[in-house]
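In the working numbering, the protein residues as written are 11 to 163. No residue lacks a Cβ here, since even glycine has one placed at the ideal position from N, Cα and C.
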């Protein structure tokens, strides 16, 4: 498993590419970039700490192939056939990393349905505990984020 230091977007490695940004309206001022680096997709976030009020940076790392699995799982298991193939959680091993997705009733805000895309094989850069988790409201996927993720693969 490749280990990544916290990236600095103004000093990215040559082979890294910022693919697009994701705007979370409920988290004003946060910067969320989707970066491709060495066959990994990195979700890089700069945010203001609620505890200290200082700007901080964190990131999540997923094998590039996990993005395709996530897209397929959402489309076929959660959205396909009226969602009758889905459970509350799906999990797979990709490139020796335990990857999964879970449905959520309160994703980023109360009563906002969405999904938690996670990598149980990696520690969160803030808590230093696994898993790394990316919460994505369903409406953001429906309004274009899913199509952007498809283009990565």
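- Per the coordinates, the alpha-carbon of residue 90 lies some 22 Å from the alpha-carbon of residue 103.
- In the DSSP annotation of this structure, the continuous segment of the beta strand (DSSP E) that includes residue 126 starts and ends at 124-129.
- Annotated three-state conformation of residue 17 is coil, per DSSP.
- Excluding the 5 residues flanking it on each side, residue 136 has same chain C-beta neighbours closer than 7 Å at 68, in chain order.
- Taking C-beta separations shorter than 7 Å and ignoring five residues to either side along the sequence, the partners of residue 158 in its chain run 30, following chain order.
- Shortest Cα-Cα distance from residue 26 to any of 35, 11, 52 involves 52.
- Excluding the 5 residues flanking it on each side, residue 79 has same chain C-beta neighbours closer than 8 Å at 102, 104, 109, in chain order.
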